[in-house]
Amino acid sequence: SIVGTRADLQEALDFAGEGLVKATIHPGKLDDINQILDQMRAGQIEGRIVLEM
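In this text, residue positions in the sequence shown follow the working numbering: the first is 77, and each later residue adds one.
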């Protein structure tokens with residue numbers, strides 16, 4: 077694999093299974109999509125934006 081070994085993958089899956097991996101998720105409104113895209117282009121978003129429809 078380009079990103080690690082099978083052991084690395086197993087370790088990552090174990091961490092996730094134990095709840096040690098935290099996702100950074102921010103809700104956003106579809107009406108704000110242009111502002112969100114501007115923030116993405118500027119590298120100002122950490123994690124993921126989930127659009128509410």
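Using N, Cα and C, we set each Cβ at its ideal position, and we do this for glycine too.
Predicted model only: the values in this text are computed from it and were never measured.
Compute the beta-carbon to beta-carbon distance between ARG124 and ILE101, rounded to the nearest angstrom, for a pair I have assumed lies under 8 Å.
With a Cβ gap of about 5 Å, ARG124 and ILE101 count as contacting.
Quick one: residues in its chain with C-beta nearer than 8 Å to the C-beta of ASN110, no 5 flanking neighbours on either side, listed in chain order?
Excluding sequence positions up to five before and after ASN110, its CB lies less than 8 Å from no other CB in the same chain.
In chain order, each beta strand (DSSP E) run of at least 3 residues that lies wholly inside the stretch 99–124
With a minimum length of 3 residues, the continuous beta strand (DSSP E) runs that stay inside the stretch 99–124 are 101–105.
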